[in-house]
Structure formats: C-alpha cells, structure tokens
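In the working numbering, the protein residues as written are 4 to 252. By construction, the Cβ of each residue, glycine as well, lies at the ideal position given by its N, Cα and C atoms.
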Ligand SMILES: C[S@@+](CC[C@H](N)C(=O)[O-])C[C@H]1O[C@@H](n2cnc3c(N)ncnc32)[C@H](O)[C@@H]1O
C-alpha cells in the first residue's frame, strides 16, 4: 500500500503549522485561511489594533505573507544564496517558528535563524516626527521567555535559532560580519525600520531577499523609500499582500 509522498507530507505539515501560528485553526470559523486576518481593525478611540482576546496568535501575518516567507526561503536556497535568515521585529515569534520549520521541511543544512527584538515592544520615534505609530497604546511587546516558549512548543527551539535582544540602535551592529540570505523587517515605526535597514541591508548577500512587512504604515514606507534613495537601491520593489520585497542584485 502506498502512502502520501514525502512532499505531500511536507506541504501538509507546513499548512498545519501556518494554521496554528495564526490561530486560524481555532478562530478562522468558516472563512478560508487565505481570507483570515487575526487583526480585525484599528480602534481609533483606544489607540489599539483589535484582535480577538481569545485568539493569542503567534503572528500577525496573513497566509499570503507566510507563503511569501516560504517561497523566499526556497528561492534563496535553490539559487544557493549564502547566509542565514533573520526577522527584526518578532513579537510572539510565529514567523521565526515558520523559518525554523522550513529548514527541517526542506532539509536545508548550514543555515540558522536569528530573532532580533527588544522583547519590550516598539520604542517611540526619536528622529521621526508625526509617525502615527507613536500614538499606538499597544507597543506589541512579547517577552523573550514567551517567545522561546512559543518556539519550544512546536519542538523547534534548538541551536539553529538564536536571539538578539535589545533595541536595534544598539543591538544590530553586533551582527557585523554576518551574512544573510533572507531578512524580514517588521518593526512598524520610521526609526526602527530605518535602523534595521542601516545595519542589516549591507549584510544581505547578492541574490538575497528583503521583505518589509509594514508597507501600509507611512513611517515604514517613508523610511524604506528614503533609504533606497540615499543608498541608491534601484532593484524593483514588489508588493505582495501588503508586504514589500525585492531581491538584492
Ligand atoms: C508588529 S510586531 C512584529 C510582528 C511579528 N513579526 C509577527 O510575526 O507577528 C513589531 C515588533 O518589533 C519590535 N521592535 C520595534 N522596534 C524595535 C526596535 N527599535 N528595537 C527592537 N525591537 C523593536 C517590537 O518589540 C515588536 O516585537
């Protein structure tokens, strides 16, 4: 009797994992996973993004945004782009769970995943004025202990995941000399996105992929456009379900 192929098993594992980290499994009701968003809306009076309080998702990302991580990992792997994977701005660590799972699922050797965060939330802008992110009451804080626990519960906390703890302005410079094939910047504010670019983009290998999460946020978008102009980044920027990305040439 023949069973499912190993690629069918792999796809089923990754599909289930994506349903779990978004908490679609329990809260998606009848809507298809492609339509599910755990954040419903921004409550202006409260200055908060609204999530079902029972949901406790491990990531804010949509299915399409998680799929972009998977296709990017595959792309850099298949093209032999050297380097590790990093997310700068991890919140509860769901995207890190996926990146680490992808190493197993595709049998990728010799690469690790870095989770960089203050683990204390988004700091207020110092350089940027009038960034609406500064009005948010919720700073999206999750502790290192919580994030480690979230990854461990998937059986994925090992020496191929490392944590860089601290505010980007201080912490990211310690990565100098490292090489990354995939970087995902998800820190919302002008200052934080700018700092991520200044310290991380030079570490992206040629052929590597950069994903910017918050393309709908004016501070993030301005920081990216300013950086691209200042440094002369001319690679075509594409947008996929609210995430911007490009391949460094
Ligand atoms: C919206 S959350 C990230 C969401 C996450 N990637 C996910 O999958 O749901 C933004 C994160 O960026 C972190 N962050 C923002 N600015 C930072 C900075 N300057 N230094 C360190 N962490 C920062 C916050 O602590 C928070 O965890």
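- Taking a contact as a CB-CB distance under 8 Å, the pair residue 154 and residue 142 does not count as one, their CB atoms being some 21 Å apart.
- For the 8 Å CB-CB criterion, residue 117 and residue 160 do not form a contact.
- If you keep only unbroken alpha helix (DSSP H) runs of at least 4 residues inside the stretch 178-235, you get 193-203, 221-234.
- Not one heavy atom of ligand 1 falls within 7 Å of the beta-carbon of residue 203.
- Residue 172 and residue 33 have their C-alpha atoms some 43 Å from each other.
- Taking the Cα positions, residue 87 is about 22 Å away from residue 61.
- Around the CB of residue 5, fewer than 16 other CB atoms lie within 10 Å, so the residue is classed as exposed.
- A Cβ-Cβ separation of about 16 Å leaves residue 184 out of contact with residue 215 under the 8 Å criterion.
- Residue side-chain check: residue 73 keeps its Cβ at 7 Å or more from all non-hydrogen atoms of ligand 1.
- For the stretch 107-172, the full-length beta strand (DSSP E) segments reaching 3 residues or more read 116-120, 164-168 along the chain.
- Excluding sequence positions up to five before and after residue 97, its CB lies within less than 6 Å of the CB of 24, 61, 62, all in the same chain and listed in chain order.
- Between ligand 1 and the CB of residue 135, the shortest heavy atom gap is not smaller than 7 Å.
- In the three-state reduction of the DSSP assignment, residue 46 falls in the strand class.
- Taking the Cα positions, residue 180 is about 11 Å away from residue 202.
- DSSP lists 214, 241 as the bridge partner or partners of residue 248.
- In the displayed model, residue 34 falls within coil according to three-state DSSP, outside both helix and strand.
- At a threshold of 7 Å, residue 197 does not count as near ligand 1, since its beta carbon sits no closer than that to any of the ligand's heavy atoms.
- One alpha carbon belongs to residue 42, the other to residue 53, and they sit about 6 Å apart.
- Between the beta-carbon of residue 209 and that of residue 251 there is about 6 Å, and that keeps the pair under the 8 Å contact cut.
- Per DSSP, residue 51 is one residue of the beta strand (DSSP E) stretching across 51-54.
- In the DSSP assignment, residue 67 falls outside any beta strand (DSSP E) and lies within the alpha helix (DSSP H) extending over 66-81.
- Distances from the CA of residue 114 to each of 39, 244, 165, 177 were compared; the closest alpha carbon is that of 165.
- Residue side-chain check: residue 165 keeps its Cβ at 7 Å or more from all non-hydrogen atoms of ligand 1.
- According to the DSSP assignment, residue 11 belongs to the alpha helix (DSSP H) that extends over 9-24.
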